[in-house]
Amino acid sequence: MKQGLRFFSFLIIISLALGAGFIGGVVADHQLVWVGLGQNPSILSGPNMGLIQDAWNDIQKYYVDRAAIQPQQLTYGAISGMVNALGDTGHSRFLTPTEVKQEQNFTQGQFEGIGVEVEVKNGQIVILAPIDGSPAQKAGLHSGDIILKVNGTDITGAPLDSVVNKILGPAGTQVTLTIQSAGSTQTHDVTITRARIQTQNVSWQMIPGTHIADVRLSGFSDGVTKQLTSDLQALQSQDATGLILDMRNNPGGLLNESIGVASQFLSSGTVLEEKDAQGKINQVSVKAGGVATSIPMVVLINNNTASAAEIVAGALQDAGRARMVGEVTFGTGTVLNEFPLPDGSAMFLATQEWLTPKGRVIWHVGIPPDDTVSMAADVAPLLPETIQSMTLAQIQSSSDVQFVEALNKLGSTLGTTTAHY
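According to this note's numbering, the sequence shown is numbered sequentially starting from 20.
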């Protein structure tokens, strides 16, 4: 069974689905469980269902704005309310049919759109992170930016799916966003041309003037382990003596890929522990054959490192394999299963909790860094494609203080000075 761990927090990839994807989204190749009112009439006979029916009838009879009474929206709102009442903020949630298709395309690694992940925070649409290499990133959008308008229409307080529909569009078309920059009251318009985006989950570059590789892992879509394995072999063939694994703003993805990725750096032991609803714990072992089990490494994490990325971080930290530099991670901590509904919508519900190999709880807590380094929200992280044109001195004087700290920590581990990596 291929299961998924995906950081939602009302998270959505602004994308246009390309064709039919495999059923499952974050949970591929799993046994589908169909649920729906009417399949088991006995659940409708209780007093709580009567209460819901009374509320529905009162809205239909008395609410003054008749145009706002949309049965599908009310139904989706009721289901969302039930799931949200579970308190699994940022993970278990209800998805509309459009959002299900978007999630499926994320795990397959391709879509059309502007390439940005957003969340609803205090009634505002806030950018979680632009996807590496996307039109959104190239347009200068940053984590923490607030989207105020889409094509001149105020979206403050609007439902997320409504905002998504306004931003969606085929490759080659344009959308104008009014942005309030993170930590500022200033606003500005950004016109972005939508594009077909092939998600690049792994990228790397030797840091100029060093023997250290910068390895960027931005997601856990299908096939990321295979891609990472190939890249790790390539960087070691270039005489890399250390590596920085950058998992900042990584929202997660597929569980089997997180196990595969962690196993590339561990020679033995456990990747994670899974605890089911009855409290039974199953240990998930490292897969043999890792290609980078001894090279010195440092891992970069931040508040938006989530889900499958936290599994990898927790496994490496518990094994003493790598130091974590940055900020406490999001704290997802549960394995999702998809429960499709007949109209194409679905509930993604946490059916297992995962723990680190040492049994640490991550749900609502997160993975703490070994070295805490905070960074301003409007600072763009250094990426492999940006450092290739920089000198070592420029990198060391960069505003990406987390990357600089990781570089210095790794240099110390290797027994080199800041000038001779």
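We treat Cβ as the ideally placed atom computed from N, Cα and C, and that holds for glycine. None of these values were measured; they are calculated from a predicted model.
Practice task
Going by CA-CA distance only, name the one from 302, 316 and 248 that's closest to residue 260.
Solution key: Along the sequence shown, read from residue 1 onward, the residue named residue 260 stands at position 241. Looking at the Cα atoms, 316 is the closest of the given residues.
Problem - Where the beta strand (DSSP E) through residue 301 begins and ends - result: In the sequence shown, residue 301 corresponds to position 282, counting from 1. DSSP places residue 301 in the uninterrupted beta strand (DSSP E) bounded by 300-304.
Exercise for the section: Report the rounded CA-to-CA distance for residue 367 versus residue 412, giving the unit in angstroms. Expected result: Counted from its first residue, the sequence shown places residue 367 at position 348. Counted from its first residue, the sequence shown places residue 412 at position 393. Residue 367 and residue 412 have their C-alpha atoms spaced approximately 47 Å apart.
Problem - Meets three-Cβ-pair contact criterion under 8 Å: the region 382-391 and the region 318-336 - result: Yes, the region 382-391 touches the region 318-336.
Problem - Which listed residue (293, 267, 310 and 294) has its alpha carbon closest to that of residue 280 - result: Locating residue 280 in the sequence shown gives position 261, counting from the first residue. Shortest Cα-Cα distance from residue 280 to any of 293, 267, 310 and 294 involves 310.
Exercise for the section: Please report the Cβ distance between residue 278 and residue 303, rounded to the nearest whole angstrom; I am assuming they are in contact, meaning their Cβ atoms lie under 8 Å. Expected result: Here residue 278 refers to the residue found at position 259 of the sequence shown. Here residue 303 refers to the residue found at position 284 of the sequence shown. Right, the Cβ-Cβ distance comes to about 6 Å (below 8 Å), so this counts as a contact.
Exercise for the section: Might you give, ordered along the chain, the residues of its own chain that have their beta carbon closer than 8 Å to the beta carbon of residue 246, omitting 5 neighbours on each side? Expected result: Mapped onto the sequence shown, residue 246 falls at position 227. Around residue 246: 220 and 221.
Exercise for the section: Mind checking who residue 359 pairs with in its DSSP beta bridge? Expected result: For the purposes of this step, residue 359 is taken as the residue at position 340 of the sequence shown. DSSP lists 365 as partners of residue 359.
Handout entry: Which residues DSSP lists as bridging residue 371, in chain order
Key = Against the sequence shown, residue 371 aligns to sequence position 352. Bridge partners of residue 371: 354.
Handout entry: Beta bridge counterpart(s) of residue 223 as assigned by DSSP
Key = Indexing the sequence shown from 1 puts residue 223 at position 204. 234, per the DSSP bridge assignment.
Problem - Under 7 Å between C-beta atoms of residue 149 and residue 139 - result: The residue given as residue 149 occupies position 130 in the sequence shown. The residue given as residue 139 occupies position 120 in the sequence shown. Contact check for residue 149 against residue 139 fails: the beta carbons are separated by 7 Å or more.
Problem - Host beta strand (DSSP E) of residue 317 (start-end) - result: Looking up residue 317 in the sequence shown gives position 298. Residue 317 -> beta strand (DSSP E) spans 316-320.
Problem - Cβ contact check for the region 346-354 and the region 176-184: 3 or more pairs under 8 Å - result: Counting C-beta pairs closer than 8 Å gives fewer than three between the region 346-354 and the region 176-184, which falls short of the contact rule.
Practice task
Pick out the complete alpha helix (DSSP H) segments inside the region 147-211, 4 residues or longer, and give them in chain order.
Solution key: Entirely contained in the region 147-211, the alpha helix (DSSP H) runs reaching 4 residues are, in chain order, 154-157 and 179-186.
Exercise for the section: Classify residue 51 as helix, strand or coil using the three-state DSSP reduction. Expected result: Residue 51 sits at position 32 when you count from the first residue of the sequence shown. The predicted position of residue 51 is uncertain, since its pLDDT is 28 and thus under 50; no value can be drawn from it.
Handout entry: Where residue 342 sits in the DSSP three-state scheme
Key = As a first step, residue 342 is located in the sequence shown; it is residue number 323 there, counting from the start. Strand.
Exercise for the section: Within its chain, find whatever has a CB closer than 8 Å to the CB of residue 224; leave out the 5 residues flanking it on each side and keep chain order. Expected result: Residue 224 sits at position 205 when you count from the first residue of the sequence shown. Closer than 8 Å at Cβ, skipping near neighbours: 232, 233, 403, 404, 406 and 407.
Practice task
Please list, in chain order, all residues of the same chain as residue 155 whose beta carbon is under 6 Å from its beta carbon, the five residues on each side excluded.
Solution key: Here residue 155 corresponds to residue number 136 of the sequence shown, with the count starting at 1. Excluding residues within five positions, the ones whose Cβ falls inside 6 Å are 133, 134, 135 and 149.
Exercise for the section: Confirm, please, whether the CB-CB distance from residue 167 to residue 323 is below 7 Å. Expected result: The count along the sequence shown starts at 1 and reaches residue 323 at position 304. The count along the sequence shown starts at 1 and reaches residue 167 at position 148. No, the pair does not count as a contact, with Cβ atoms beyond the cut-off.
Handout entry: Unbroken alpha helix (DSSP H) run spanning residue 84, endpoints
Key = Stepping through the sequence shown from its first residue, residue 84 is reached at position 65. Bounds of any alpha helix (DSSP H) do not take in residue 84, whose DSSP letter is neither H nor E.
Problem - DSSP state of residue 143 mapped onto helix, strand, coil - result: By 1-based counting over the sequence shown, the position of residue 143 is 124. Residue 143: strand per DSSP, three-state reduction.
Handout entry: residue 164 vs residue 198 beta-carbon contact at 7 Å
Key = For the purposes of this step, residue 164 is taken as the residue at position 145 of the sequence shown. For the purposes of this step, residue 198 is taken as the residue at position 179 of the sequence shown. Contact annotation: residue 164 and residue 198 have beta-carbon atoms nearer than 7 Å.
Exercise for the section: Starting from residue 114, follow its DSSP beta bridges and name the residues at the other end. Expected result: The residue given as residue 114 occupies position 95 in the sequence shown. 365.
Practice task
To the nearest angstrom, report how far apart residue 101 and residue 95 are at their CA atoms.
Solution key: Along the sequence shown, read from residue 1 onward, the residue named residue 101 stands at position 82. Along the sequence shown, read from residue 1 onward, the residue named residue 95 stands at position 76. Rounded to whole angstroms, residue 101 to residue 95 spans 10 Å at the Cα level.
Handout entry: residue 294 versus residue 242 - alpha carbon distance
Key = Stepping through the sequence shown from its first residue, residue 294 is reached at position 275. Stepping through the sequence shown from its first residue, residue 242 is reached at position 223. Cα atoms of residue 294 and residue 242: separation of roughly 26 Å, rounded to the nearest angstrom.
Problem - Inter-residue Cα distance where the pair is residue 393 and residue 320 - result: Position 374 of the sequence shown, counted from the first residue, corresponds to residue 393. Position 301 of the sequence shown, counted from the first residue, corresponds to residue 320. When rounded, the distance between both Cα atoms is 10 Å.
Handout entry: Beta-carbon proximity of residue 396 to residue 240, cut-off 7 Å
Key = Taking the sequence shown and counting its residues from 1, one reaches residue 396 at position 377. Taking the sequence shown and counting its residues from 1, one reaches residue 240 at position 221. With contacts defined by Cβ atoms closer than 7 Å, residue 396 and residue 240 do not form a contacting pair.
Handout entry: Residues bridged to residue 294 [DSSP beta-bridge criterion]
Key = Counting from 1 along the sequence shown, the entry for residue 294 is found at position 275. DSSP lists 300 and 372 as partners of residue 294.
Handout entry: residue 74 (DSSP reduced to helix, strand or coil)
Key = Here residue 74 refers to the residue found at position 55 when the sequence shown is read from its first residue. Correct three-state label for residue 74: helix.
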